[in-house]
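Structure first, commentary second.
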Amino acid sequence: MVARAYTVAFEGGEARLVEVQCAITPGVAAFSVVGLPDKAVSEARERVRAALTALSVALPSRRVSINLSPADLPKEGSHFDLPIALALLAAIGALPESEVARTVSLGELSLDGALVPVAGALPAALAAAEAECTLVCPAACGAEAAWVGAAQVIAPATLHDCIRHFTGQQVLPAATRARPRLRPPRTGTCATSRDRSAPSARWRSRPQGGTIC
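With my numbering, you'll find the sequence shown wraps up at 248, consecutive numbering, no jumps.
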């Protein structure tokens with residue numbers, strides 16, 4: 036059985052959709068990530084394993100294989116942590132596969148399961164809107180991603196919140212874009228401003244007709 040989640044890979048300023056496939060097969064217990072990952076993506080397995088352990092979710096004693104498709108597209112960054120975790124949870128039956136497959140997600144996982152903000156939430160939201168999917172991103176990235184009004188954005192703070200949302204235990208509200216902060220109007224005259232038409236105190240204090248040394 037292969038479970039699927041979706042995320043993005045950044046190519047310049049463009050976000051390209053990436054399918055995260057997870058298969059659990061008989062064999063020696065192992066956790067591998069393939070599909071041209073860089074060092075940060077390869078290390079995702081350790082962060083995902085630790086985050087799931089913190090949530091008391093045990094990995095099966097089987098071979099866990101993660102494939103990032105298309106395999107010829109370079110994958111860079113720690114934002115692959117969350118989609119890998121979601122695909123894995125769907126593969127072991129902890130999350131509904133159909134719900135996970137309808138989302139695009141990105142986010143770095145800390146060892147205790149908290150979601151760490153990452154760059155690229157706005158282009159990821161554009162890619163999710165084009166694919167007609169919901170975007171799942173860390174809470175700190177929700178306001179940025181919500182500027183793309185065509186995409187629904189869910190912004191949990193932890194992986195545990197994400198699991199509760201997908202299983203229907205606690206439906207998270209859609210993130211809203213941040214309102215710009217308006218500065219209050221200035222009152223009075225700026226302290227550094229000066230009436231250029233009036234002579235300065237220095238010139239007013241000079242004696243008339245004398246010589247200034």
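Even glycine gets a Cβ: it sits at the ideal position worked out from N, Cα and C.
Are residue i and residue j close, meaning C-beta to C-beta below 8 angstroms?
i, j, result
"V183", "C172", "no"
"V99", "F66", "yes"
"L90", "H195", "yes"
"A166", "T211", "no"
"A40", "V135", "yes"
"V69", "K110", "no"
"L141", "V43", "yes"
"A160", "A186", "yes"
"F115", "A79", "yes"
"A162", "V139", "yes"
From which residue to which residue does the beta strand (DSSP E) around residue i run?
i, result
"E165", "Premise fails: E165 lies in the alpha helix (DSSP H), A156 to E165, not in any beta strand (DSSP E)."
"E49", "E49 to T60"
"V68", "A65 to V69"
"A40", "V37 to E46"
"S140", "T138 to S140"
If contacts are defined as beta-carbon pairs under 8 angstroms, then residue i and residue j qualify, I think. What distance do you get, rounded to the angstrom?
i, j, result
"A122", "V55", "5 angstroms"
"L124", "I59", "About 11 angstroms separates the two Cβ atoms, so there is no contact after all."
"L71", "L94", "About 24 angstroms; that fails the 8 angstroms criterion."
"A178", "A213", "4 angstroms"
"I101", "C57", "6 angstroms"
"V83", "A120", "5 angstroms"
For the alpha helix (DSSP H) containing residue i, name the first residue and the last one.
i, result
"L124", "D116 to A126"
"L194", "L194 to F201"
"A185", "Here A185 belongs to no alpha helix (DSSP H), and DSSP marks it neither H nor E."
"A106", "It is not in any alpha helix (DSSP H) - A106 carries neither H nor E in the DSSP assignment."
"V135", "E132 to V135"
"V76", "K74 to S77"
Does DSSP put residue i in a helix, a strand or coil?
i, result
"R97", "coil"
"R82", "helix"
"L170", "strand"
"L87", "helix"
"A149", "strand"
"A213", "coil"
Using a Cβ-Cβ cut-off of 8 angstroms, state whether residue i counts as contacting chain B.
i, result
"V139", "Going by chain labels, chain B is absent from the structure shown, which holds only one protein chain."
- prompt: Contact between the stretch 70–79 and the stretch 150–161: three or more CB pairs below 8 angstroms?
  reply: The stretch 150–161 and the stretch 70–79 do not touch, with fewer than three beta-carbon pairs separated by less than 8 angstroms.
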